[in-house]
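What follows is one structure encoded as structure tokens, with my remarks underneath.
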Amino acid sequence: MFITSSIYATIVACCLASSFAFAGNIKGKVDFKGTKPNPTEIKMIADPNCIKIHAGKKVTSDQVVVNTNNTLRHVFVYVKKGLEGKKFPKPTQKVTIDQQGCTYHPHLFGMMASQPLEIINSDPTMHNIHALPKNSKQFNIAQPRKGMKRVQTFDKPEVMVKIKCDVHPWMAAYVGVLDHPFYAVTDDQGNYEIKNLPAGDYEIEAWHEKYGSQTMKVSVGAADTKTVDFSSDKFVASK
Ligand SMILES: [Cu+2]
160 MFITSSIYAT IVACCLASSF AFAGNIKGKV DFKGTKPNPT EIKMIADPNC IKIHAGKKVT
220 SDQVVVNTNN TLRHVFVYVK KGLEGKKFPK PTQKVTIDQQ GCTYHPHLFG MMASQPLEII
280 NSDPTMHNIH ALPKNSKQFN IAQPRKGMKR VQTFDKPEVM VKIKCDVHPW MAAYVGVLDH
340 PFYAVTDDQG NYEIKNLPAG DYEIEAWHEK YGSQTMKVSV GAADTKTVDF SSDKFVASK
């Protein structure tokens, strides 16, 4: 009995150790350098329903959001190189994009190829969501009524896919479609974190819709947490 339990304990300890041994984390922030731009007001004059939803309150663009601590929000950070040949299961849980207040929520996000994307219209007005991938099939869907939902997918990886509304020219969102789950988006403190990455050498890219992108190399060892910080003045405009 004693032998059996100690063998069992050894197996458990071994498995726990190995599951951590191959998982590392990368975290960091994206600093904003330069003159902080004023928030850009969105004029929703194309649709009086949109103006009514906001009850006359000013709405500002999500394109460039500099946080109070001088970091940049809405930056997509992901593993660009280093996972080639590795296969990761496709998640079955839905990712959601909501058309609410005549803007997209979230403004920028990530998902895996073939993962379901649920598109919701929470507004009492018509939206026409139009996704413009180059590697997957485009879709263009009218949702004239509040509460309408529809599920779509992107078949192939692509960083980034633009989503726009054919009714409201100010509406834009971006989605990074990947064949692995190692991505994150900077938050209202400019931070991101990519968890449970297999040990290895990686190229990490940070992408912003206005400033372009920056890549950094990092080696992640067993049970490491590495810090990789980016800076907007090092970003190079996207081609
Ligand atoms: Cu719209």
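According to our numbering, the sequence shown is numbered sequentially starting from 160.
Don't be surprised by glycine CBs; every beta carbon is placed ideally from N, CA and C.
Please read these numbers as outputs of a predicted model, since none were measured by experiment.
Any C-beta of chain C under 8 Å from that of residue 186: In summary, chain C is missing from the structure at hand, where a single protein chain is found.
C-alpha gap between residue 341 and residue 359, whole angstroms: 13 Å
Output the distance between the C-alpha atoms of residue 240 and residue 318, rounded to the nearest integer angstrom. 13 Å
For residue 253 versus residue 277, is the C-beta distance shorter than 8 Å? yes
Mapping the DSSP letters down to three states, classify residue 383 as helix, strand or coil. coil
Under 7 Å from any heavy atom of ligand 1, does the C-beta of residue 258 make it? yes
Can you find the residues in the same chain that come closer than 6 Å, C-beta to C-beta, to residue 283, ignoring five residues on each side of it along the sequence? 305
Are residue 227 and residue 275 closer than 8 Å when you measure CB to CB? no
Spatial neighbours of residue 180 within its chain, please: CB distance less than 7 Å, with the 5 preceding and 5 following residues excluded, ordered by chain position. Low confidence applies here, because residue 180 scores a pLDDT of 47, under 50, leaving its location unreliable; read the following figure in that light. So the list reads 381, 382, once near-sequence residues are dropped.
For residue 385 and residue 362, what's the separation of their Cα atoms in angstroms? 13 Å
Residue 180 - DSSP class collapsed to helix/strand/coil: With a pLDDT of 47 at residue 180, under the threshold of 50, the predicted position of this residue should be treated as unreliable, and no value is reported.
Just tell me which of 394, 262, 189, 198 has its CA closest to the CA of residue 325. 262
Beta carbon of residue 344: closer than 7 Å to some heavy atom of ligand 1? no
Taking the alpha carbon of residue 332 as the point to measure from, which residue in 207, 223, 208 has its own alpha carbon closest? 223
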